[in-house]
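As structure tokens, the structure follows; a few thoughts come after it.
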Amino acid sequence: MKHDVLVIGMGLSGLMAAKTAADHGLKTMVLGKGAGMLQAFLEGIDLLGYYPEDNPGMLEGVRPALENLIQNHPEHPYAKVGLEEIENGLKAFAGLFGTKSYQYNGTPGRNSLLPTGIGSLKPSYLIPSTMNAGKGILSEPALLVGFQEFGNFYAAYAARNFQRLPQRNEDLPIRGESISLSDISERKAFHPAALALQFEEDGFRKKLAEKIKKVMKGENLVGFPAVLGLKNPENVKLDLEEQIGAKVFELPILPPSVPGMRLFEIFKDHLRAKGVRMIFGFEAGLAIQKNGRCQGVILKTPAGEKVHEADSFILATGGFFGGGLQAQGDRIVEPLFKLPVAQPGARSDWFQYEFLGRRGHPINQSGIRTNSRLNPLDQSGKVLLENLFLAGRILGHHDALREKSLGGVDIATGYKAMRNLIS
Amino acid sequence: MKVKADVIVIGGGSTGTGIARDLALRGLTPLLMEKRYLAAGATGACHGLLHSGCRYVIVDPHSSRECYTENRILRKIAASCVEETEGMFVSLPEDGLEYQKNFLSACSQLGIPVEKISPAQALAFEPNLSPEVIGAVKTPDASINPFTLAAENARAAGERGGKIMTYTRVIGLIVIGGKVKGVRALDTRSGETFEAYADFVINAAGAWGHQVVRNIGLSIPLAYSKGSILIFSRRLTEMVLSRCHIPADGDIFVPSETTSLFGTTSLSVEDLDHITVEPQEVLALMKDLVKMVPSANSARVIRAYTGVRPLFKEKDTQDDRQISRGFVLIDHEARDGVPGLVSIVGGKMATYRLMAEKTVDAVCQKLGLAAPCTTHLVPLPSSGKHGFVTLRERLKKIGPGKEENAQKDQMICECEFITRNEVEEFVKETGAANLETIRAQTRVGTGPCQGTFCAYRTLGILAEMEKFDDPSPNQDLKNFLERRWRGIKPIVGGEQLREEQLTEGIYAGIFNLDKDSTPTQEAASESYNKR
Amino acid sequence: MKKRIAIADRSDQCIQCGICTEYCPVVRATGRFSGPKLAGPDAQRFRRPQDPPEDLGVGLCIGCGTCDLVCPSGVNISALNLMAMAKAGDEKGFNLRNWLLGHTHLFGRLATAFSPITNWVLGSPLFRGVLDRLLAIDKRRSLPAYEGQTFRQWFDGHRSGGKKRVAYFYGCYTNTNEVDVGVAVVQVLEKNGFEVIIPRQECCGAPLLGQGDLEGARAAGNRNVRALLPVADAGYDILFSSTTCGQMIRCEYPGFLKIAGAERLAARIFDVCEYLMMLHDRGELNVDFQPRKERLPYHVPCHLKSMGIGLPALDLLQLIPGLEVIEIDAGCCGLGGTYGFKKDLFDVSATIGEKLGKALKAFGAPVAVSDCEACRMEIRTLTGLKAVHPLQVLRDAYDGSHGRKSAGDGTPDDLRK
């Protein structure tokens, strides 16, 4: 069976590309090696938090910086997409949620401050609605609730740090409480996803709310680790708010990310409903290339190797975490198409002396050079494969972790790559 | 604040803590001051090898015999810190068998029990050994945990009234009437200075020995030799493997708990405070290692660390390895006319007890005390049996899934299977509420992810126990990440590279710690990189 | 200590992301299992060949393979867990219950020969109570009913004809408990011009593997490969209708169990839906289907996900005009082959399957479709719905007999009527 489009990679950029294709009515197939950045780190959708990336001042208004960036950094993925299509991509992403109560919200053109599980703040552009009320942490007394059996969030630690934030009045009370769940959890399962499922049980929430009410001291704002449900997080949040009589929000914590897992399911539901075939859990082997075009991709499964053919392809295999780029000895390579990878000159230049110093690590900028249509280029600037488009981290030429564009680059390039493919 | 004790001991490595214990056993009250955590200096950066002495049989027979005697003693008294792995000296084709011949006869002359075995037998013991091995000799080498060793010695001193102060840096010696009467010290956590007085001061500050006596115009000429070691994510051998040749770089492979340590190098350095593992050291070590253990090529390196051997410069020599690793006791009264102070320098961790014995003998003589040494007879406080603890043993008490106490039993460090309960108990017992010490003593954060998850968890637990005093938000966490990076940057590649992507994704991506306004203290300060 | 063929150990590749543990259906259901990461790559660092097995709850692993699919680092997590389970089994020694659950094929034929009595006994609360007390087979678990005639017996009395020939591996459950599935496979293949042959075959060994009896599984595999390879070498493609048997023969035989010749066999053995779709791609599939205006739910078996061949059953059923088949993505059904029969695991099994049960009930159709017989069993238990194999739907579409009551697609209660 030959598809119109084959998307290689089931991270955020691949899923966004597949959605764009499916919404356009293309016969789409997606191959994914496994989970990745989406399930590990994705909390809010970051568009651009800092510009330049080593400028410690958080961006409030995003537009001017984006325009600057696009103008001054033609190799940056955002420059390949353009401001207008970035906005269209974000709108298309928002369309994923339809009329569902769980949404990703933000103020157009402005970043929001997202309080995190270690008591720090991060600028983010689109925030899950269940995290929204967290903004109030800077101006209201708050209670943070952790769970004794849960090791990925410590309320006392976070509260101490929030208290000392320069953006917060030191006299504004904030404290942490650690609640035991052993007596209210029937299944005695305390990993993040297991907790999230229990939060969706009425009985569990009721008993938890009673425990929380006992330790509240008149706070109007209560924060939880981001485990408030897997399928219906907004309902969980609303119900908790009603039962404890205060605003509720969740905080990003140590991986894996429940919000990221939610988003994965929401994307899959959408794609499934549009008839997109997804094969998940297997690594693609070499691509079959002929006469400047890609013909197919070999999928290596325990049941043998199979070739999947399509008219056009999207390569959204990610970076080192997802496996789209691999460090082999002293060189960084792209394993599927053997595309040339732009990278620091020598291995000794890969990393900085400081881990979280002012400047990011040069290796994180490594990636594939593309033309304005996101086709891969060879060393001389010639298009290597005209029916192959790239999206996401594999594009390199940006440091998503330092400039805080994780999610934004994926959505924008996933969307644009497919739009280029279609046109 | 003024503090008094019988004897002040400066330095909390194996030597300093060994001395404190020896003093206490002889009825004196020691006060030990360590500027960081116990074994944070050369002791913590050692190879973890309880020498059989065989390594030096040809080049330094005296030292060799000393090592062997101490090896026997430590196996008895420090059983809780020693894993009796035994060792093998293996000959590869390029080594020839001539050295082995001399080696065997020298061991025999010195009375060190060794056993020549066939290559086939050697491979049966160690399947990961190179199939090219042409000869092997079984030796009584063993693996020793330097952190618990120092802690146990300190504990023994503490149990007899001694006082141990960590994070306390001696900033000057107090001389009254031409005699050393005490020290001025700085509590590095609170920033307060204080004075401590004693009848005698022992300078066991290792590589920093010179800095301690500087302020009163004395000098201890030391040569610094850096030695780097690679840590592998699993135990690649069960025994200590050494090359049967003239001692050189990269020829010892030591199993240590769930990891393997391979080293070492020998480069002279000038500046104590800026020492890193260099890429060429890593390359050289890997080249040497695969000769002995070929499969190490595809094994995962999780960290590299480096320590400084302080070697006493008796005369100027070029090759650091040639300066004797024997120790020197400097009697400052005799040498400099300043009574009340001795300095102990050089030596090996494996002979720490002997060094302590000689030092305390001298000090007791000066104090007019006729107390004999008993450190070779009295066992260290912990009764636990050390060694590789099988997972079954480890889980017996804590059993995940037993649902007895889901909070206490939850794994804080999943790499090393350490529970919340263990961490809490350690903090309660020792009062040590900082990451470095917890890490060194409980092994939290020493597995493949190198603390990516458990560092935050440990700090969170400390906060919940209200034993946590972070000077500014996430200061300890940031410091930890930088210290951690020192050991990883030299070897990052392969799987460890992906690990670092995860770590950076968490702390920069989720938590925005790179833009945190808190300055990292470790970034500029000493980069002494520990195991 | 038993010496076994070593498996690849990729635990060094684990970067501790913890994603496998989050997606594990057992971890989501109960705190009794440490999780695939702790019991797999984390524990592996500690495991030396001479060490005794540890207790991390590997017996609770349901074998769904989800951990392998989600792992970003290519760690063979479920294999590591399975080796640990085998080692723990060595120490525990022989267990009658597990032996019985692993060797149901031995008494299958006897059970069908006396099926009315068998079914009465298996359905009797008294007997199930005894089973519960003596063998720790949970009495709440409804046991599968046995048919009066085996598939083999039916086939022996049937004359197959066609221009092309293909071989069929039917699997134990089809033979003794769901004969119509096998019948449907044969009929559909014949409708497409095939003569079906049944090569010598025996239980694929999956129930043995799932319990950590590696030797038993390998022995069964050796016998099957010896029997099937000549058939493949003679030019026949071999088809399976049970995704469990299929995954076992195609993936575990050459992979985990390293059975000689298995790789060559794997290249010639196909899922029957996959095979029919291959025909369709070549324009050779008989698409003379009677329209069926209905919405049916389709549940994806875990073993099908582990094969990486996509959803051929879904593709196939979508060729039937008017039929809307919707993939229900509600995770593992919870039966796990022999897993859910065990008293100590029944509750975990039920919790795991809750999501699927709710989703199917909410869907509102009277029948659900799935390629795996265990899933079908569990769907009946969870929802009371009828559960059919995709090929039964296809066969019904060929002859227009939609929704007719097929033998064997009900619970033991059905059969007694």
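Residue numbers (our numbering), protein chains in the order written: chain A, 1 to 423; chain B, 424 to 954; chain C, 955 to 1371.
Where a beta carbon is used, it is the ideal one built from N, C-alpha and C, also for glycine.
Exercise for the section: May I have the straight-line CA-CA distance separating residue 1111 (chain C) from residue 1151 (chain C), to the nearest angstrom? Expected result: Residue mapping note: residue 1111 (chain C) aligns to position 157 of the third sequence, counting from 1. Residue mapping note: residue 1151 (chain C) aligns to position 197 of the third sequence, counting from 1. Residue 1111 (chain C) and residue 1151 (chain C): Cα-Cα distance of roughly 13 angstroms.
Practice task
Keeping to the same chain, check which residues put their C-beta closer than 8 angstroms to that of residue 50 (chain A); ignore five residues upstream and five downstream.
Solution key: Translated into the one-based positions of the first sequence, residue 50 (chain A) becomes position 50. Once the five neighbours on either side are set aside, the close Cβ partners of residue 50 (chain A) are 56, 57, 58, 59, 123, 402, 403, 404.
Handout entry: Residue-level contact to chain B via CB, residue 991 (chain C), 8 angstroms cutoff
Key = For the purposes of this step, residue 991 (chain C) is identified with residue 37 of the third sequence, where counting begins at 1. So yes, residue 991 (chain C) belongs to the interface.
Exercise for the section: Establish whether the CB of residue 342 (chain A) and some CB of chain B are separated by less than 8 angstroms. Expected result: As a first step, residue 342 (chain A) is located in the first sequence; it is residue number 342 there, counting from the start. Chain B, which has no Cβ nearer than 8 angstroms to the Cβ of residue 342 (chain A), makes this no.
Practice task
Look at the Cβ atom of residue 751 (chain B), then the Cβ atom of residue 445 (chain B), and state whether they are nearer than 8 angstroms.
Solution key: Indexing the second sequence from 1 puts residue 751 (chain B) at position 328. Indexing the second sequence from 1 puts residue 445 (chain B) at position 22. In this structure, residue 445 (chain B) does not lie closer than 8 angstroms to residue 751 (chain B) by Cβ.
Practice task
Helix, strand or coil for residue 621 (chain B), going by three-state DSSP, please let me know.
Solution key: Translated into the one-based positions of the second sequence, residue 621 (chain B) becomes position 198. In this structure, residue 621 (chain B) counts as strand in the three-state DSSP scheme.
Handout entry: Exposure of residue 1241 (chain C), with buried meaning 16 or more beta-carbon neighbours within 10 Å
Key = Residue mapping note: residue 1241 (chain C) aligns to position 287 of the third sequence, counting from 1. It is exposed - the Cβ of residue 1241 (chain C) has fewer than 16 other Cβ atoms within 10 Å.
Problem - residue 592 (chain B) - partner residues in DSSP beta bridges - result: Position 169 of the second sequence, counting from 1, holds the residue named residue 592 (chain B). B:609.
Handout entry: residue 915 (chain B) versus B:655, B:726, B:500, residue with shortest Cα-Cα distance
Key = Here residue 915 (chain B) is taken as the residue at index 492 of the second sequence, counted from 1. Nearest option by C-alpha distance: B:726.
Exercise for the section: Inspect the CB distances between the segment 991–999 of chain C and the segment 274–285 of chain A and report whether three or more fall short of 8 angstroms. Expected result: Because the criterion of three Cβ pairs below 8 angstroms is not met, the segment 991–999 of chain C and the segment 274–285 of chain A do not touch.
Exercise for the section: Determine the chain A residues that contact residue 1344 (chain C) at a beta-carbon separation under 9 angstroms, and present them in chain order. Expected result: Numbered from 1 along the third sequence, position 390 holds the residue referred to as residue 1344 (chain C). Going along chain A, no residue has its Cβ under 9 angstroms from residue 1344 (chain C), so there is no contact; the nearest lies around 16 angstroms.
Exercise for the section: Indicate the three-state DSSP secondary structure (helix, strand or coil) for residue 743 (chain B) in the structure shown. Expected result: Your numbering for residue 743 (chain B) matches position 320 in the second sequence. Because residue 743 (chain B) sits at a pLDDT of 45, beneath the cut-off of 50, its placement in the model cannot be relied upon, and the following sentence gives the value as read from the coordinates. Of the three classes helix, strand and coil, the one that applies to residue 743 (chain B) here is helix, per DSSP.
Problem - Beta carbon proximity, residue 880 (chain B) to chain A, threshold 8 angstroms - result: In the second sequence, residue 880 (chain B) corresponds to position 457, counting from 1. Yes, because at least one Cβ of chain A sits closer than 8 angstroms to the Cβ of residue 880 (chain B).
Problem - Own chain, CB closer than 6 angstroms to residue 311 (chain A), minus 5 neighbours either side, in chain order - result: Within the first sequence, numbered from 1, the residue matching residue 311 (chain A) stands at position 311. Around residue 311 (chain A): 4.
Problem - the segment 1095–1107 of chain C / the segment 1067–1076 of chain C touching (three or more Cβ pairs under 8 angstroms) - result: Taking a contact to require three or more Cβ pairs closer than 8 angstroms, the segment 1095–1107 of chain C and the segment 1067–1076 of chain C qualify as touching.
Problem - Contiguous alpha helix (DSSP H) assignments of at least 4 residues, all confined to the segment 1277–1324 of chain C - result: 1300–1317
Practice task
Check residue 916 (chain B) in the structure and name its three-state DSSP category.
Solution key: Here residue 916 (chain B) refers to the residue found at position 493 of the second sequence. Three-state DSSP puts residue 916 (chain B) in coil, outside helix and strand.
Problem - Complete beta strand (DSSP E) runs within the segment 672–708 of chain B (minimum length 3 residues, chain order) - result: 675–679, 682–686, 690–692
Practice task
Mark residue 696 (chain B) as exposed unless 16 or more other C-beta atoms lie within 10 angstroms of its C-beta, in which case mark it buried.
Solution key: The sequence position of residue 696 (chain B) within the second sequence is 273, counting from 1. Counting Cβ neighbours within 10 Å, residue 696 (chain B) comes out exposed, since fewer than 16 surround it.
Practice task
List the residues of chain C whose Cβ lies closer than 9 angstroms to the Cβ of residue 191 (chain A), in chain order.
Solution key: Within the first sequence, numbered from 1, the residue matching residue 191 (chain A) stands at position 191. By Cβ distance, chain C contributes 972, 975, 976, 978, 981, 982, 985, 989.
Exercise for the section: Name, going along the chain, the residues of the segment 1282–1305 of chain C whose beta-carbon falls closer than 8 angstroms to a beta-carbon of chain A. Expected result: 1283, 1305
Exercise for the section: Determine which residues of the segment 557–586 of chain B have a Cβ less than 7 angstroms from any Cβ of chain C, and write them out in chain order. Expected result: none
Problem - Assigned exposure category for residue 742 (chain B) - 16 Cβ within 10 Å defines buried - result: Counting from 1 along the second sequence, the entry for residue 742 (chain B) is found at position 319. Confidence is the limiting factor: at residue 742 (chain B) the pLDDT is only 45, short of 50, which leaves the residue's position unreliable and the question unanswerable from this model.
Practice task
Provide the residue span of the beta strand (DSSP E) that contains residue 538 (chain B), from first to last.
Solution key: In the second sequence, residue 538 (chain B) corresponds to position 115, counting from 1. Residues 538–540.
Problem - Rounded separation between residue 768 (chain B) and residue 927 (chain B) - CA only - result: Residue numbering aside, residue 768 (chain B) sits at position 345 when the second sequence is read from its first letter. Residue numbering aside, residue 927 (chain B) sits at position 504 when the second sequence is read from its first letter. Here the alpha carbons of residue 927 (chain B) and residue 768 (chain B) stand approximately 41 angstroms from one another.
Exercise for the section: Would you identify the three-state DSSP class for residue 764 (chain B), choosing helix, strand or coil? Expected result: Here residue 764 (chain B) refers to the residue found at position 341 when the second sequence is read from its first residue. If DSSP states are grouped into helix, strand and coil, residue 764 (chain B) belongs with the strands.
Handout entry: Close beta carbons around residue 1208 (chain C), own chain, < 6 angstroms, minus the five adjacent residues each side
Key = One-based indexing of the third sequence puts residue 1208 (chain C) at position 254. Contacts found: 1216, 1217, 1220.
Handout entry: alpha helix (DSSP H) runs contained entirely in the segment 480–509 of chain B, provided each spans 4 or more residues
Key = 484–500
Exercise for the section: Please say whether residue 455 (chain B) and residue 577 (chain B) have beta carbons closer to each other than 8 angstroms? Expected result: For the purposes of this step, residue 577 (chain B) is taken as residue 154 along the second sequence, with counting starting at 1. For the purposes of this step, residue 455 (chain B) is taken as residue 32 along the second sequence, with counting starting at 1. Going by C-beta atoms, residue 577 (chain B) is nearer than 8 angstroms to residue 455 (chain B).
Problem - Contact with chain C by residue 414 (chain B), beta-carbon distance below 8 angstroms - result: The question about residue 414 (chain B) has no answer, for chain B in this structure spans 424 to 954.
Practice task
List the residues that DSSP assigns as beta-bridge partners of residue 223 (chain A).
Solution key: As a position in the first sequence, residue 223 (chain A) is number 223, starting the count at 1. A:144, A:249, per the DSSP bridge assignment.
Exercise for the section: Assign residue 514 (chain B) to one of three DSSP states: helix, strand, or coil. Expected result: For this step, residue 514 (chain B) is matched to residue 91 along the second sequence. Three-state DSSP puts residue 514 (chain B) in a strand.
Practice task
Determine whether the Cβ of residue 7 (chain A) lies closer than 8 angstroms to any Cβ atom of chain C.
Solution key: Reading the first sequence from its first residue, position 7 is the one you call residue 7 (chain A). Chain C contact via Cβ: absent.
Problem - Backbone secondary structure at residue 403 (chain A) - three-state DSSP - result: Position 403 of the first sequence holds residue 403 (chain A). Looking at residue 403 (chain A) - three-state DSSP - the assignment turns out to be helix.
Practice task
To the nearest angstrom, report how far apart residue 910 (chain B) and residue 662 (chain B) are at their CA atoms.
Solution key: As a working note, residue 910 (chain B) is residue 487 in the second sequence. As a working note, residue 662 (chain B) is residue 239 in the second sequence. The straight-line gap from Cα to Cα measures roughly 25 angstroms.
Practice task
Jot down the residue ranges of each uninterrupted alpha helix (DSSP H) in the segment 1202–1231 of chain C, minimum 4 residues, whole runs only, in chain order.
Solution key: 1216–1220
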